[in-house]
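A.B. asks: Below is the structure I would like to discuss, written out as structure tokens.
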DNA sequence: GTCTATAACTTGATAGAC
DNA sequence: GTCTATCAAGTTATAGAC
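Residue numbers (my numbering), protein chains in the order written: chain A, 1 to 193; chain B, 194 to 386.
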């Protein structure tokens with residue numbers, strides 16, 4: 001685990017909710033579905049959480065903060081820009097593997113957040129993307145990267161680490177580290193000979 | 194348009210449905226929402242379509258067939274494998290730009306398809322991915338591509354063309370063709386110098 | 001083909017006993 | 001803190017007048 005979380009009753013609800021939201025979507029998951037998975041009646045869950053919307057907010061906000069604090073950490077190191085970008089790619093993949101359900105929810109169901117959480121989430125994501133883009137820009141300026149279109153490079157990287165969610169199963173042929181190596185090779189040196 | 198479709202009443206319902214499903218998800222869109230957009234009462238739509246599920250099926254199936262027939266066409270040409278892969282990337286991007294709502298639905302809401310359509314859709318996607326993977330494999334065997342991990346390359350490419358949905362707006366700084374060029378450069382030659 | 005009315009059901013959330 | 005019972009609102013879909 002990259003982050004340590006209490007494993008009380010409330011956290012159990014959040015963890016099971018993330019799994020169900022990933023499988024069936026926020027709108028496709030009822031509180032009764034969730035209650036069955038948690039092992040209590042739907043009404044009882046309201047002693048631990050305020051609403052279905054709050055569950056979504058807690059999941060999305062935790063993931064957003066995780067990404068932002070990891071970016072801040074990497075920005076402070078004195079590695080090359082290429083190494084910083086590689087480190088970020090590795091962190092994305094590792095978070096997806098270790099906390100995939102919550103990351104999927106933050107990737108897909110954030111749009112169902114009520115205001116003002118929706119606006120806050122979108123702003124946090126924008127800030128993150130801006131910080132990531134600046135690493136690529138500086139890498140180009142420093143001669144470490146090709147002069148690619150920065151937005152295209154950024155979203156190609158972010159998308160490439162997203163599919164891990166759809167594809168990777170622990171115990172597949174590749175270990176997490178091998179997977180990271182292969183994706184970094186593909187993104188940094190490309191397919192062509 | 195890559196495909197020509199009749200613009201009767203039924204098709205209007207399908208087109209508006211695709212837009213709403215993309216915006217609010219299949220579960221988050223009610224038949225009343227859709228009816229308002231189409232300009233009739235919810236009950237009246239049932240003279241044109243059988244059910245909400247049928248709408249989803251018609252959208253997903255059309256997109257699946259489009260991809261599969263495009264792949265078959267490209268496979269038959271005698272271009273190099275590199276050129277075949279590039280052509281497929283261009284077709285993905287163009288379909289996303291010209292028919293983005295339906296492509297988004299086929300990408301995200303296919304999981305709400307009822308059986309047996311769900312199984313059929315998953316099989317069609319699997320077949321498509323297999324055909325695409327074979328082009329990459331043969332390209333490696335022919336010495337046109339680096340000996341990358343084929344699955345990683347395939348899903349990196351498929352993901353890279355997916356984000357166009359989240360990002361591209363007509364009238365943005367880039368034309369469709371420039372966007373295709375940039376993405377192909379990023380995927381084929383990579384970020385590193 | 002379009003409408004109004006409504007059947008049959010599911011939804012998120014609450015009240016109150018224990 | 002968990003339960004049963006329930007509410008108010010929303011869901012897909014159909015019946016039947018016009």
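For every residue, glycine included, the Cβ atom is placed at its ideal position computed from N, Cα and C.
None of the values given here were measured: they were computed from a predicted structure.
Bridge partners for residue 385 of chain B per DSSP, in chain order?
C.D. replies: Within the second chain, the letter at position 192 stands for residue 385 of chain B. Bridge partners of residue 385 of chain B: A:145.
A.B. asks: Closer than 9 angstroms, CB to CB, is residue 396 of chain B near chain A or not?
C.D. replies: As displayed, chain B neither begins before 194 nor continues past 386, which places residue 396 of chain B out of reach and without an answer.
A.B. asks: Taking residue 92 of chain A as the reference, give the member of A:66, A:115, A:79, A:109 with the closest Cα.
C.D. replies: Position 92 of the first chain holds residue 92 of chain A. Per the Cα distances, A:66.
A.B. asks: Is residue 18 of chain A near residue 133 of chain A, with beta carbons less than 9 angstroms apart?
C.D. replies: Taking the first residue of the first chain as position 1, residue 18 of chain A is located at position 18. Taking the first residue of the first chain as position 1, residue 133 of chain A is located at position 133. The answer is no: Cβ separation not under 9 angstroms.
A.B. asks: If we ignore side chains and look at the alpha-carbon of each, how far apart do residue 235 of chain B and residue 223 of chain B end up?
C.D. replies: Along the second chain, one-based indexing puts residue 235 of chain B at 42. Along the second chain, one-based indexing puts residue 223 of chain B at 30. Rounded to whole angstroms, residue 235 of chain B to residue 223 of chain B spans 9 angstroms at the Cα level.
A.B. asks: Under 8 angstroms, with one C-beta from each stretch per pair, do the stretch 259 to 272 of chain B and the stretch 342 to 353 of chain B reach the 3-pair mark?
C.D. replies: With the cut-off at 8 angstroms, the stretch 259 to 272 of chain B and the stretch 342 to 353 of chain B do not touch.
A.B. asks: Note down the Cα distance separating residue 347 of chain B from residue 255 of chain B, rounded to an integer number of angstroms.
C.D. replies: Within the second chain, the letter at position 154 stands for residue 347 of chain B. Within the second chain, the letter at position 62 stands for residue 255 of chain B. Their backbone Cα atoms lie some 22 angstroms apart in a straight line.
A.B. asks: Pull up the distance between the alpha-carbon of residue 356 of chain B and that of residue 162 of chain A, whole angstroms please.
C.D. replies: On the second chain, position 163 is the one that residue 356 of chain B refers to. On the first chain, position 162 is the one that residue 162 of chain A refers to. Taking the straight line joining both Cα atoms gives about 10 angstroms.
A.B. asks: In the stretch 331 to 342 of chain B, which residues sit with their C-beta less than 7 angstroms from some C-beta in chain A, listed in chain order?
C.D. replies: So the list reads 336, 337, 338, 339, 341, 342, given in the order they occur along the chain.
A.B. asks: What I want to know is whether the C-beta of residue 144 of chain A ends up closer than 8 angstroms to one or more non-hydrogen atoms of the ligand COA.
C.D. replies: The model depicted lacks the ligand COA and carries no ligand whatsoever.
A.B. asks: With a 10 Å radius around its C-beta and 16 neighbouring C-beta atoms as the bar for buried, classify residue 112 of chain A as buried or exposed.
C.D. replies: Walking along the first chain from the start, residue 112 of chain A turns up at place 112. The residue is buried, with at least 16 neighbouring Cβ atoms inside 10 Å.
A.B. asks: In the structure shown, what three-state DSSP assignment does residue 48 of chain A receive?
C.D. replies: Counting from one through the first chain, the residue named residue 48 of chain A turns up at place 48. Of the three classes helix, strand and coil, the one that applies to residue 48 of chain A here is coil, per DSSP.
A.B. asks: Sort A:192, A:36, A:156, A:35 by Cα distance to residue 334 of chain B and report the nearest one.
C.D. replies: If you number the second chain from 1, residue 334 of chain B lands on position 141. It is A:192.
A.B. asks: In the DSSP assignment, the alpha helix (DSSP H) including residue 360 of chain B goes from what residue to what residue?
C.D. replies: Position 167 of the second chain, counting from 1, holds the residue named residue 360 of chain B. Counting along the chain, the alpha helix (DSSP H) containing residue 360 of chain B begins and ends at 357 to 360.
A.B. asks: I'd like to know whether the C-beta of residue 280 of chain B is nearer than 9 angstroms to at least one C-beta of chain A.
C.D. replies: Numbered from 1 along the second chain, position 87 holds the residue referred to as residue 280 of chain B. It does not; no Cβ of chain A falls within 9 angstroms.
A.B. asks: Is the distance from the Cβ of residue 257 of chain B to the Cβ of residue 214 of chain B below 9 angstroms?
C.D. replies: Here residue 257 of chain B corresponds to residue number 64 of the second chain, with the count starting at 1. Here residue 214 of chain B corresponds to residue number 21 of the second chain, with the count starting at 1. Not in contact: residue 257 of chain B and residue 214 of chain B (Cβ atoms no closer than 9 angstroms).
A.B. asks: Determine the chain B residues that contact residue 193 of chain A at a beta-carbon separation under 8 angstroms, and present them in chain order.
C.D. replies: Translated into positions along the first chain, residue 193 of chain A becomes position 193. Those are 336, 337, 338, 339, listed as they occur along chain B.
A.B. asks: Please confirm whether residue 355 of chain B has its beta-carbon closer than 9 angstroms to some beta-carbon of chain A.
C.D. replies: Reading the second chain from its first residue, position 162 is the one you call residue 355 of chain B. At least one chain A Cβ lies under 9 angstroms of residue 355 of chain B.
A.B. asks: Determine the closest residue to residue 59 of chain A out of A:106, A:183, A:9, A:159, with distance taken between C-alpha atoms.
C.D. replies: Sequence index remark: in the first chain, residue 59 of chain A carries index 59 (1-based). Here the closest residue by C-alpha is A:106.
A.B. asks: Residues of chain A with a CB under 7 angstroms from the CB of residue 360 of chain B: which are they?
C.D. replies: Numbered from 1 along the second chain, position 167 holds the residue referred to as residue 360 of chain B. Result: 155.
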